[in-house]
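Contents: one structure, followed by commentary.
Numbering (the numbering used here), first residue to last: 2 to 56.
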């Protein structure tokens with residue numbers, strides 16, 4: 002079985018439909034978000050610099 006990504010917000014494994022992007026603050030960490038957490042605008046935190054988003 003292929004290892005999927007882990008959502009930064011809900012911590013669940015996701016195999017498809019994920020959004021991956023670099024931290025908008027430091028650019029050193031990759032943020033992974035599942036479709037559900039994007040839809041409800043769930044908060045995520047960068048593991049490197051502590052930046053919290055969205056907004």
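Beta carbons are placed, not taken as given, at the ideal position from N, Cα and C, and that holds for glycine.
DSSP state of residue i mapped onto helix, strand, coil
{"i": "residue 3", "result": "At residue 3, the pLDDT of 49 sits below 50, so the modelled position is not reliable; the number obtained from the coordinates is stated separately. DSSP places residue 3 in coil when its eight states are reduced to three."}
{"i": "residue 23", "result": "strand"}
{"i": "residue 34", "result": "strand"}
Beta-carbon proximity check, residue i vs residue j, cutoff 8 angstroms
{"i": "residue 115", "j": "residue 29", "result": "The chain is shown only over 2 to 56; residue 115 falls outside these bounds and no answer can be derived."}
Length of the line joining the Cα atoms of residue i and residue j
{"i": "residue 5", "j": "residue 56", "result": "26 angstroms"}
{"i": "residue 35", "j": "residue 26", "result": "20 angstroms"}
{"i": "residue 9", "j": "residue 33", "result": "6 angstroms"}
{"i": "residue 13", "j": "residue 38", "result": "10 angstroms"}
{"i": "residue 18", "j": "residue 54", "result": "19 angstroms"}
{"i": "residue 40", "j": "residue 11", "result": "13 angstroms"}
{"i": "residue 44", "j": "residue 7", "result": "14 angstroms"}
{"i": "residue 42", "j": "residue 51", "result": "18 angstroms"}
Beta-carbon separation (whole angstroms), residue i vs residue j, contact threshold 8 angstroms
{"i": "residue 31", "j": "residue 21", "result": "6 angstroms"}
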